[in-house]
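Peer 1: Starting off with a structure, shown below.
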Amino acid sequence: MGVAHVAERPVVRPAVGPRSWRDLVLGGATPQRLGRLSALLVVGCLLTALVSAMSGWARADAVGAGGTRLAALDTDAGQLYRSLNEAEAMATSGFAAEGPVPRSVRARYEDHVARATQRLVHAAGLLPPGGHDAALIERVASRLPRYTALVEAAITRRDEGSPRAQEPLDQASALMRDSILPAADELRRGREAALAANYRRASEFPLTVVLVGAITLVGLGYAAVRERRRTNRILNPGLVAAAVLLAVAPAWWLVATVAADDRLDAARGHNAVAAALDEARVTVLQARASETLARVDGGTGAEFTDRIERLLGGDGLLDTAGNQTTDATAASGIATIRAAAVEWRDGVRAGAAPDETRSAFDRLTAALADVIGAERTDLAGEIRAADAVLRGTAIGPAAVALLAAAAAAFGIGRRIREYR
Numbered sequence: 014m015g016v017a018h019v020a021e022r023p024v025v026r027p028a029v030g031p032r033s034w035r036d037l038v039l040g041g042a043t044p045q046r047l048g049r050l051s052a053l054l055v056v057g058c059l060l061t062a063l064v065s066a067m068s069g070w071a072r073a074d075a076v077g078a079g080g081t082r083l084a085a086l087d088t089d090a091g092q093l094y095r096s097l098n099e100a101e102a103m104a105t106s107g108f109a110a111e112g113p114v115p116r117s118v119r120a121r122y123e124d125h126v127a128r129a130t131q132r133l134v135h136a137a138g139l140l141p142p143g144g145h146d147a148a149l150i151e152r153v154a155s156r157l158p159r160y161t162a163l164v165e166a167a168i169t170r171r172d173e174g175s176p177r178a179q180e181p182l183d184q185a186s187a188l189m190r191d192s193i194l195p196a197a198d199e200l201r202r203g204r205e206a207a208l209a210a211n212y213r214r215a216s217e218f219p220l221t222v223v224l225v226g227a228i229t230l231v232g233l234g235y236a237a238v239r240e241r242r243r244t245n246r247i248l249n250p251g252l253v254a255a256a257v258l259l260a261v262a263p264a265w266w267l268v269a270t271v272a273a274d275d276r277l278d279a280a281r282g283h284n285a286v287a288a289a290l291d292e293a294r295v296t297v298l299q300a301r302a303s304e305t306l307a308r309v310d311g312g313t314g315a316e317f318t319d320r321i322e323r324l325l326g327g328d329g330l331l332d333t334a335g336n337q338t339t340d341a342t343a344a345s346g347i348a349t350i351r352a353a354a355v356e357w358r359d360g361v362r363a364g365a366a367p368d369e370t371r372s373a374f375d376r377l378t379a380a381l382a383d384v385i386g387a388e389r390t391d392l393a394g395e396i397r398a399a400d401a402v403l404r405g406t407a408i409g410p411a412a413v414a415l416l417a418a419a420a421a422a423f424g425i426g427r428r429i430r431e432y433r
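With positions in the sequence shown counted from 1, the corresponding number in the numbering used here is that position plus 13.
In structure tokens form, the structure reads like this:
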């Protein structure tokens, strides 16, 4: 019999083409598939750790080193503006009475000028050259010597009994009010806004950290459930541990963000009170200068009345400060300031002697200094507390995410070893 020949059928091989991400991750032999899955999960955990660390350090810097620098600039700008106003008030106060300029007034004037100069130098060292704020510093620094020279000329003429002693003082006051103080005020307000924006960034919701962590957590959960179904066993201990650890990282962030925001919100409240009272102190100094000039010129004191109204009137600076605080001690201090301001105003309106109004003015400025100092102290305490919380987020969640990466690698590695 002949041997029947059976025609061989050609073997049809599947076309090799690009695979989907599902085939790439889950296809192929089980050990290779598990290896790729382990790599993806570890990379996800490491990415979560990296994003968490970067975000944590950035926020910690916003209230730590970087925030300290901005706060120092804010303090310099505020004290520069106040010292310039105090120097102007002392310069004009020296002409309230006849005879030579009192040594005490001149000493206080020179002290305020020295303080302003120190703040200029310190702020210039903190600011990068060429910016708008640096230009404002330069404007004040270039005009302040001219101002002091005019004041010295006025004092010299006054000591000599010259009838033209008021002329250089008027020129100095015009230079201070029209050029120097506006530049210092712009610098002060700009620094306040920059510091407030910095604190807002520090308390923002950590969207990137939560998003990356959530995606990685979903991947861990999917891998754990899939392995349980494929092996018909209990959940993989390593993957479960990794998922629990990775859930801790964003939870840590959320709790820390709420705690830091609470501290920073309290800090913003103390800063708002201190800023309003700083503005009140400057207004008081300007009112004092207006009072003195009115005595010298024999004016009506309309400018003094306007300044006092800005301080004591409805929705004035003291009302603004009072509305920003819920602290009983601060509220009591503001009430003391108001009582001292009313006493000074009434004394000026009644034509009290210069010594009497000066004493009332000194009591008012002392009360302002006490409350502002207390608010600044409370502000610093809240910032330190927020800084401690945010520094924890720079290390803690990242360390937890790294442990999650190790747990995921261990859990998948254990499954791979079962095939060997």
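All residues carry an ideal CB built from backbone N, CA and C; glycine is no exception.
(1) Would the stretch 194-202 and the stretch 83-95 be scored as touching if the rule is three or more Cβ pairs under 8 Å?
(2) Is Arg301 closer than 8 Å to Pro367 when the C-beta atoms are compared?
(3) Compute the Euclidean distance between the alpha carbons of Leu53 and Gln45, then round it to the nearest angstrom.
(4) Mapping DSSP to helix, strand and coil, what is Ser303?
(5) Which same chain residues end up closer than 7 Å to Gln299 when comparing Cβ atoms and leaving out the 5 residues on each side of it in sequence?
(6) Starting from Gly329 and walking both ways along the alpha helix (DSSP H), at which residues does that stretch end?
(7) Are there three or more Cβ pairs, one per stretch, closer than 8 Å when the stretch 383-395 is compared with the stretch 273-291?
(8) Within its chain, find whatever has a CB closer than 7 Å to the CB of Thr81; leave out the 5 residues flanking it on each side and keep chain order.
(9) Could you tell me if Ile396 is buried or exposed, where buried requires 16 or more neighbouring beta carbons within 10 angstroms of its beta carbon?
(10) Roughly how many angstroms separate the alpha carbons of Ala373 and Asp146, rounded to a whole number?
(11) For Ala172 and Leu140, I'd like the C-alpha separation in whole angstroms.
(12) What residues in its chain sit with their C-beta under 7 Å from that of Val295, if we drop five residues either side in the sequence?
(13) Taking just the CA atoms, how far does Thr105 sit from Pro181?
(14) Figure out for me which residue from Met189, Ala136, Asp87 has the closest Cα to the Cα of Ala162.
(15) I need the DSSP call for Arg177, collapsed to helix, strand or coil.
(16) Helix, strand or coil for Ser51? Go by DSSP, reduced to three states.
(17) In three-state DSSP terms, what is Val114?
(18) Measure the alpha-carbon distance for Leu330 versus His283 and round it to whole angstroms.
(19) Quick test of your reading: Ala380 and Ile350, contact by CB under 8 Å. State the CB separation rounded to the nearest angstrom.
(20) From Arg170 to Ala73, what does the alpha carbon distance come to, in whole angstroms?
(21) Measure the C-alpha to C-alpha separation of Arg152 and Ala137 and round it to an integer number of angstroms.
(22) Determine the burial state of Gly69: buried for a count of at least 16 other Cβ atoms within 10 Å of its Cβ, exposed for fewer.
(23) Which class does Glu217 belong to by DSSP, given the choice of helix, strand or coil?
(24) How should Ser345 be labelled, buried or exposed, when 16 other C-beta atoms within 10 angstroms of its C-beta is the threshold for buried?
(25) Could you tell me whether the Cβ atoms of Ala421 and Gly251 are closer together than 8 Å?
(26) Report the rounded CA-to-CA distance for Leu415 versus Gly77, giving the unit in angstroms.
(27) Buried or exposed: where does Leu306 fall if 16 or more other Cβ atoms within 10 Å of its Cβ makes it buried?
(28) Give every residue of the same chain whose Cβ lies closer than 6 Å to the Cβ of Gly426, excluding the five residues on either side of it in the sequence, and list them in chain order.
(29) What first and last residue would you give for the alpha helix (DSSP H) that runs through Ala352?
(30) State whether the stretch 215-231 contacts the stretch 256-272, with contact taken as three or more CB pairs (one from each stretch) at a distance under 8 Å.
(31) Give the secondary structure of Leu140 by DSSP, where H, G and I count as helix, E and B as strand, and everything else as coil.
(32) Taking all protein chains shown into account, decide if Glu217 is buried (16 or more other Cβ within 10 angstroms of its Cβ) or exposed.
Peer 2: Judging by the given coordinates:
(1) yes
(2) Locating residue 367 in the sequence shown gives position 354, counting from the first residue. Locating residue 301 in the sequence shown gives position 288, counting from the first residue. No. Outside cutoff.
(3) The count along the sequence shown starts at 1 and reaches residue 53 at position 40. The count along the sequence shown starts at 1 and reaches residue 45 at position 32. When rounded, the distance between both Cα atoms is 13 Å.
(4) Against the sequence shown, residue 303 aligns to sequence position 290. In this structure, Ser303 counts as helix in the three-state DSSP scheme.
(5) Within the sequence shown, residue 299 is the residue found at index 286, counting from 1. Correct list, in chain order: Asn98, Arg320.
(6) In the sequence shown, residue 329 corresponds to position 316, counting from 1. Unbroken run through Gly329: none, as it is neither H nor E.
(7) yes
(8) As a first step, residue 81 is located in the sequence shown; it is residue number 68 there, counting from the start. Nothing listed; no residue qualifies.
(9) Here residue 396 corresponds to residue number 383 of the sequence shown, with the count starting at 1. With 16 or more Cβ atoms within 10 Å of its Cβ, Ile396 is classed as buried.
(10) Counting from one through the sequence shown, the residue named residue 373 turns up at place 360. Counting from one through the sequence shown, the residue named residue 146 turns up at place 133. Distance from the CA of Ala373 to the CA of Asp146, rounded to the nearest whole angstrom, comes to 36 Å.
(11) On the sequence shown, position 159 is the one that residue 172 refers to. On the sequence shown, position 127 is the one that residue 140 refers to. Here the sequence assigns Asp to residue 172, which means Ala is not the residue at that position. Straight-line Cα distance between these residues: approximately 41 Å.
(12) The residue labelled residue 295 in the question sits at position 282 within the sequence shown. If we look at Val295 and ignore the five residues flanking it on each side, its Cβ neighbours are Tyr94, Arg95, Asn98.
(13) Numbered from 1 along the sequence shown, position 168 holds the residue referred to as residue 181. Numbered from 1 along the sequence shown, position 92 holds the residue referred to as residue 105. One C-alpha to the other measures close to 11 Å.
(14) Position 149 of the sequence shown holds residue 162. When each option's Cα is compared against that of Ala162, the closest is Met189.
(15) Stepping through the sequence shown from its first residue, residue 177 is reached at position 164. Three-state result, Arg177: coil.
(16) For the purposes of this step, residue 51 is identified with residue 38 of the sequence shown, where counting begins at 1. It is helical.
(17) The count along the sequence shown starts at 1 and reaches residue 114 at position 101. It is coil, neither helix nor strand.
(18) Position 317 of the sequence shown, counted from the start, is the residue given in the question as residue 330. Position 270 of the sequence shown, counted from the start, is the residue given in the question as residue 283. Distance between the alpha carbons of Leu330 and His283 is about 15 Å.
(19) Your numbering for residue 380 matches position 367 in the sequence shown. Your numbering for residue 350 matches position 337 in the sequence shown. About 5 Å separates the two Cβ atoms, so the contact holds.
(20) Translated into the one-based positions of the sequence shown, residue 170 becomes position 157. Translated into the one-based positions of the sequence shown, residue 73 becomes position 60. Going from the Cα of Arg170 to the Cα of Ala73 covers about 56 Å.
(21) On the sequence shown, residue 152 is found 139 positions in, with the first residue counted as 1. On the sequence shown, residue 137 is found 124 positions in, with the first residue counted as 1. When rounded, the distance between both Cα atoms is 12 Å.
(22) Within the sequence shown, numbered from 1, the residue matching residue 69 stands at position 56. The residue in question, Gly69, is buried, as its Cβ has 16 or more Cβ neighbours within 10 Å.
(23) Against the sequence shown, residue 217 aligns to sequence position 204. Three-state result, Glu217: coil.
(24) Locating residue 345 in the sequence shown gives position 332, where the first residue counts as 1. So Ser345 counts as exposed.
(25) The residue labelled residue 421 in the question sits at position 408 within the sequence shown. The residue labelled residue 251 in the question sits at position 238 within the sequence shown. Yes; because the gap between Cβ atoms is below 8 Å, this pair is in contact.
(26) Reading the sequence shown from its first residue, position 402 is the one you call residue 415. Reading the sequence shown from its first residue, position 64 is the one you call residue 77. Near 25 Å, if we compare the C-alpha coordinates of Gly77 and Leu415.
(27) Here the question's residue 306 lines up with position 293 in the sequence shown. Flag for Leu306 reads buried.
(28) Translated into positions along the sequence shown, residue 426 becomes position 413. Closer than 6 Å at Cβ, skipping near neighbours: no residue.
(29) Along the sequence shown, read from residue 1 onward, the residue named residue 352 stands at position 339. Counting along the chain, the alpha helix (DSSP H) containing Ala352 begins and ends at 341-362.
(30) yes
(31) Counting from 1 along the sequence shown, the entry for residue 140 is found at position 127. Correct three-state label for Leu140: coil.
(32) In the sequence shown, residue 217 corresponds to position 204, counting from 1. Exposed, because fewer than 16 other Cβ atoms sit within 10 Å of the Cβ of Glu217.
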